[in-house]
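Below: the structure, in structure tokens.
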Amino acid sequence: MNAKQFAFVLGIAVLFAILIGLGIDAFYTSPKYEDYCKRTDIYPEALGKPATLVNCSINYSTYNDLINECNEQGGFIDYKYDDRGCSIPDKCNMCGKEFNDAQNIYNRNVFYIAFTIGIIAIIAGLIITEILGAGLMFGGILASIYGIMRYFSELGKIARFLVVLLGFLILVFVGRKKVNDIQARSKVIPDKKKK
859 MNAKQFAFVL GIAVLFAILI GLGIDAFYTS PKYEDYCKRT DIYPEALGKP ATLVNCSINY
919 STYNDLINEC NEQGGFIDYK YDDRGCSIPD KCNMCGKEFN DAQNIYNRNV FYIAFTIGII
979 AIIAGLIITE ILGAGLMFGG ILASIYGIMR YFSELGKIAR FLVVLLGFLI LVFVGRKKVN
1039 DIQARSKVIP DKKKK
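859 is the number of the first residue of the sequence shown in the working numbering; add one for each residue after it.
Rendered as structure tokens:
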């Protein structure tokens, strides 16, 4: 493969992987934090007199159960102001956990989509002509890696192993098939140097 062919294969591969990533993003939008958590501050706007003029020593031990339970559930405490203008824990806000759960589902689905398209591209690369096929196979590998990276941290240890094993076995199969095809073609085409 000469430099021009290599550049062509590399260009197809990179653009194919980018196309898959952008296509998923364009047609399957990711959850947005603002859709789950409407405001960014956990303290409400101050009401009445400033808290600096009042003794706001609060016995937080009375709120320990609320705070601990909220932390265990993956939420954060929303605060409110009491009649003295002091902030006190009010309720457990689960919007961050809800967003993370939605993001994990989204990443799982992106993994399924990108990995599947990547495998299809690798298989198509076996069928299509050498240079274009090589570009599609390499692009399929990149798209599969993109899909794996999106969800890898959420997979269990066994699932991680199985996904990487599947990718490895597919690459071994494709590599073996390509080597066999090249060897078969070299036997059919006589060597010009021998003449």
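Yeah, the Cβ is synthetic: ideal placement off N, Cα and C, and Gly gets one too.
Under the rule that 16 or more other beta-carbon atoms within 10 Å means buried, what is R1043, buried or exposed?
One-based indexing of the sequence shown puts residue 1043 at position 185. The residue in question, R1043, is exposed, as its Cβ has fewer than 16 Cβ neighbours within 10 Å.
Per the contact definition of three or more C-beta pairs closer than 8 Å, is the stretch 991-1010 in contact with the stretch 915-929?
No, the stretch 915-929 is not in contact with the stretch 991-1010.
Measuring only the C-alpha atoms, how far is I1003 from F973?
The residue labelled residue 1003 in the question sits at position 145 within the sequence shown. The residue labelled residue 973 in the question sits at position 115 within the sequence shown. Their backbone Cα atoms lie some 7 Å apart in a straight line.
For a test of the three-state rule: what should DSSP assign to D936, helix, strand or coil?
Position 78 of the sequence shown holds residue 936. The answer is strand: DSSP assigns D936 an E or B state.
Please state if the CB of G993 and the CB of F866 are separated by a distance shorter than 9 Å.
If you number the sequence shown from 1, residue 866 lands on position 8. If you number the sequence shown from 1, residue 993 lands on position 135. Their beta carbons are under 9 Å apart, which means F866 touches G993 by this criterion.
Quick one: give me the first and last residue of the beta strand (DSSP E) that I946 is part of.
Within the sequence shown, residue 946 is the residue found at index 88, counting from 1. 945-951 is the span of the beta strand (DSSP E), which, as asked, contains I946.
Are the Cβ atoms of Y964 and G1005 separated by less than 9 Å?
Taking the first residue of the sequence shown as position 1, residue 964 is located at position 106. Taking the first residue of the sequence shown as position 1, residue 1005 is located at position 147. No, they are not a contact pair.
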